[in-house]
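A.B. asks: Each residue of the sequence shown is one higher than the one before, starting from 7 at the first, in this note's numbering.
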Amino acid sequence: MKHYNIIYHILFATILFYSCNDKQEVEEVRSEKSGGELIQSKIISYPKTFDPRKIEMDTEMATYTAVYQSLVKINPNSLEVEPAIAKSWEVKDNCKSYIFTIRDDVFFHDHAIFENGKGRKLTVEDVKFCFDRIADTIKPNPAYDLIKDKLVGMKSYHEQLLLGNNVVNEVSGVKIIGKDKIKIDLVKPYCSFIEFISRINFAIYPKEVIQNGTFNDNLLVGTGPFMFDDVDSSKLTFKRNSNYYIKDAKGYTLPYLDKVSFLYGSKVNGFSKKLNFFKANKIDIIDKVKGRHIDALMDSLSPDEYNYEAIEIFATRMLAFKQDSTSICRNKKLRKAIAKALDRELIVDSMINGENWYADYGMNISYCFYKDSIVSEEYDLNKARQYLTQSGYTKTDTLSFLLMNRDKLGLGLVNLLRKNLGLTIHVDTINDVSLFYENIYKGNYDLVINAWLLDFLSPESSLMAFYGKKSKTEEDYNTKNFMRFSNQKFDQYFEKALNEEDEVNRNKFFYEAEKIVMDEAACVPLYYFEYSSVISSRVKDYYLNSLGLVDYEYIYKTK
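(1) Count the other CB atoms within 10 Å of the CB of N247; is the residue buried (16 or more) or exposed (fewer)?
(2) Return the first residue and the last residue of the beta strand (DSSP E) that T71 is part of.
(3) Got a sec, what are the start and stop residues for the beta strand (DSSP E) H164 sits in?
(4) Would a C-beta distance cut-off of 7 Å place L408 and D434 closer than the cut-off?
(5) Could you tell me which whole alpha helix (DSSP H) segments of length 4 or greater appear in the region 272-335?
(6) Below 7 Å between beta carbons: does that hold for V530 and A345?
(7) What's the gap between the Cα of P82 and the Cα of I216?
(8) Taking the continuous alpha helix (DSSP H) assigned at T107, which residues delimit it?
(9) Do the CB positions of S468 and M324 come within less than 7 Å of each other?
(10) Per DSSP, which one or two residues make a beta bridge with Q217?
(11) Classify I206 as helix, strand or coil using the three-state DSSP reduction.
(12) Quick one: what's got a C-beta closer than 6 Å to Y548's C-beta in the same chain, skipping five residues either side?
(13) In this structure, does DSSP put E536 in helix, strand or coil?
(14) Does the beta-carbon of D366 have 16 or more other beta-carbons within 10 angstroms, so that it is buried, or is it exposed?
(15) Run through the region 442-523 for me and flag every whole beta strand (DSSP E) of 3 or more residues, listed as ranges in chain order.
(16) With respect to the beta strand (DSSP E) encompassing F268, which residues constitute its N-terminal and C-terminal limits?
(17) Are the beta-carbon atoms belonging to K502 and F515 less than 7 Å from one another?
(18) Measuring alpha carbon to alpha carbon, tell me which of A72, M160, K98, Y314 ends up nearest H115.
(19) Could you tell me the distance, in whole angstroms, from the CA atom of V130 to the CA atom of L303?
(20) Buried or exposed for I13, going by 16 or more other Cβ atoms inside 10 Å?
(21) Just reading off the alpha helix (DSSP H) that A345 is part of, what are its end residues?
(22) Along the beta strand (DSSP E) that carries R246, what are the first and last residues, could you check?
(23) Which one or two residues does DSSP pair with Q46 in a beta bridge?
(24) Among N249, Y270, S272, which residue has its Cα nearest to the Cα of Y262?
(25) Roughly how far, in whole angstroms, is the beta-carbon of A527 from the beta-carbon of L427, given that I think they are within contact range, below 8 Å?
(26) At what residues does the beta strand (DSSP E) containing F234 begin and finish?
(27) Do Y364 and R350 have their C-beta atoms closer together than 7 Å?
(28) Please confirm whether L281 and S306 have their CB atoms less than 7 Å apart.
(29) Can you have a look at V454 and say buried or exposed, based on whether 16 or more other CB atoms are within 10 angstroms of its CB?
(30) Who are the near neighbours of K546 in its chain, counting only those whose CB is closer than 8 Å to its CB and skipping five residues on each side?
(31) Using the Cβ count rule (16 or more neighbours within 10 Å means buried), how would you classify L441?
(32) Among all the DSSP beta bridges, which residues are the ones paired with A92?
(33) How about F208 and S76: are their beta carbons less than 7 Å apart?
(34) Counting Cβ pairs closer than 8 Å, one from the region 415-424 and one from the region 285-300, do we hit at least three?
(35) Compute the distance between the beta-carbons of H432 and T402, then report whether it is under 7 Å.
(36) What number of angstroms, rounded off, separates the C-alpha of E480 from the C-alpha of G554?
If you want it as structure tokens, here you go:
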């Protein structure tokens, strides 16, 4: 009988062990900070997709970071890379191979797609599955465009999928080498790879969301601190993930908040509407507050009701040129003429009401990264007209300018270029944001205004938009180098930077690469962004940073 009891207890312990490993059982210990709902207006509209591979809109990024996680993440306070799904990593072969050790306590959100509605444990197989799916032939596919030149076997698998073959059926450079270890091999050394894969495009999701071979956007399941709760025509809500694996320094379960919600659409379109919501305690944060709104803010609220924060972020609005053989803007003299004809100070003061600050230091606010600053093309109308004459341009040459509907800046630039240079410009206006970006990636423009936000603290994050190498079989549809810029010297410096382990030397190569971008007038940086927010005094530990990142784990509200 005693023997039976021993076996019984062993069997019971074994069953309990596997149950706890298959389905997460977390005993929540919540702190005095816990509870409440954070309501904000960070997004313009309901996200078009929740497929991490296809995510491209910075304006919707806040929703994704609440739900999804990659192997690593960027700490929003230090801006340094830190563990996420991977608890540690090893760098091998001079930055050519990386071995990640996956945590054993990460579970997907509870959802009906899983047995009994309980989220299952994330495994190395999930990591492998998600990286293999990046090679898919979907369009757009920003994740593939970003990583195709880096991972061993990514291009070959993608090309086999394009041909409909099954000779290659995986990304060979992503290998499971243990129950909790996965190895990623790169085509060539890349010493910023850890920072690179912090992007939300490389988030890990369960294979169960793939239905009939397609990512089901109605199945929003990740591993982040919040999970999908509810949506209507003006509000998207996420509730706390009670099985979240990270705890605070005192051992309390995170996140503190019960819910994070996003108001969007006409209901909160405009500062005055947002301010009314703020005064009625129906919104906690007003994002992108302009300087001209400060007086109204101070007249409407008492100082103890809010905090006003402003920070310069690493984001640049630019006038971009399509530069392949189909575009008139392949002509460098014409690009130089346009760059010289634009007075950035005038543009900022008159077209965007003095908000933000004009871009005099290249793509990246260069003095933040380089020993010597890069100077953007100076306004000189006489020189601009000389370049225009040298370019051979005639008024019969028509430039297509792609604009979002009611883009005041874009219309202002069109009028300025017509006035200063006499250019013949046809304006193509698009209302839908997704369709606008689809046309950019397809190259349906000569001129377009776009913005570039750094994903991590390196010039690489913006300069990758100018890297021009591609395979002969690759289709001309690129979410990365959408300008079709091609310069052999730039590519050489850019590649040297990627291969360099020392950060100082790496930035020297980036500096030379960025100088080429400016010398070639590959784009015209117009202004750098300042990000300002009004935050309810009840909201604590909500910090702005230069990368625009938000960490929802530690934010809390006082009662």
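Idealized CB from N, CA, C, for every residue including glycine.
C.D. replies: In terms of the structure at hand:
(1) Around the C-beta of N247, 16 or more other C-beta atoms lie within 10 Å, and the residue is accordingly described as buried.
(2) First-last for T71: 67-73, but that is the alpha helix (DSSP H), not the beta strand (DSSP E).
(3) Counting along the chain, no beta strand (DSSP E) covers H164; the unbroken alpha helix (DSSP H) around it starts and ends at 160-169.
(4) L408 is a Cβ neighbour of D434, given a cutoff of 7 Å.
(5) Qualifying alpha helix (DSSP H) stretches, in chain order: 277-285, 300-306.
(6) Going by C-beta atoms, V530 is nearer than 7 Å to A345.
(7) In this model, P82 and I216 are separated by some 31 Å (Cα to Cα).
(8) Under the DSSP assignment, T107 falls outside any alpha helix (DSSP H), being part of the beta strand (DSSP E) whose first and last residues are 103-108.
(9) Taking 7 Å as the Cβ cut-off, S468 and M324 do not qualify as a contacting pair.
(10) Answer by DSSP bridge pairing, in chain order: T220.
(11) Secondary structure at I206: helix, using DSSP grouped into helix, strand and coil.
(12) Cβ neighbours of Y548 beyond the five flanking positions: I541, I561.
(13) E536 sits in a strand when the DSSP states are folded into three classes.
(14) Buried, since its Cβ has 16 or more Cβ neighbours within 10 Å.
(15) With a minimum length of 3 residues, the continuous beta strand (DSSP E) runs that stay inside the region 442-523 are 453-459.
(16) That run of the beta strand (DSSP E) goes 265-269.
(17) Result yes, Cβ atoms of K502 and F515 sit closer than 7 Å.
(18) Residue A72 is the option with its Cα nearest to H115.
(19) C-alpha separation (whole angstroms): 50 Å.
(20) Note on I13: pLDDT 36, under 50, position unreliable in the model; the coordinate value appears next. It is exposed - the Cβ of I13 has fewer than 16 other Cβ atoms within 10 Å.
(21) Where A345 is concerned, the enclosing alpha helix (DSSP H) stretches over 338-346.
(22) That run of the beta strand (DSSP E) goes 241-246.
(23) Answer is F268, I291, bridged to Q46.
(24) Cα-wise, what sits closest to Y262 is N249.
(25) Contact between A527 and L427 does not hold, since the beta-carbon distance rounds to 14 Å and is not under 8 Å.
(26) For F234, the enclosing beta strand (DSSP E) has its first and last residue at 232-237.
(27) In contact: Y364 and R350 (Cβ atoms closer than 7 Å).
(28) Yes, Cβ-Cβ distance for L281 and S306 is below 7 Å.
(29) Burial call: buried.
(30) For K546, same chain residues with a beta-carbon under 8 Å away, outside a window of 5 residues either side, are K39, I561, Y562, K563, T564 in chain order.
(31) The residue is exposed, with fewer than 16 neighbouring Cβ atoms inside 10 Å.
(32) For A92, which the question treats as bridged, DSSP gives the partners I108.
(33) In this structure, S76 lies closer than 7 Å to F208 by Cβ.
(34) Two segments are said to touch when three or more pairs of C-beta atoms, one from each, lie closer than 8 Å; by this definition the region 415-424 does not touch the region 285-300.
(35) In this structure, H432 sits away from T402, with a CB-CB distance that is not shorter than 7 Å.
(36) Unreliable positioning characterises E480 in this predicted model, as indicated by a pLDDT of 48, which lies under 50. A coordinate reading is not provided.
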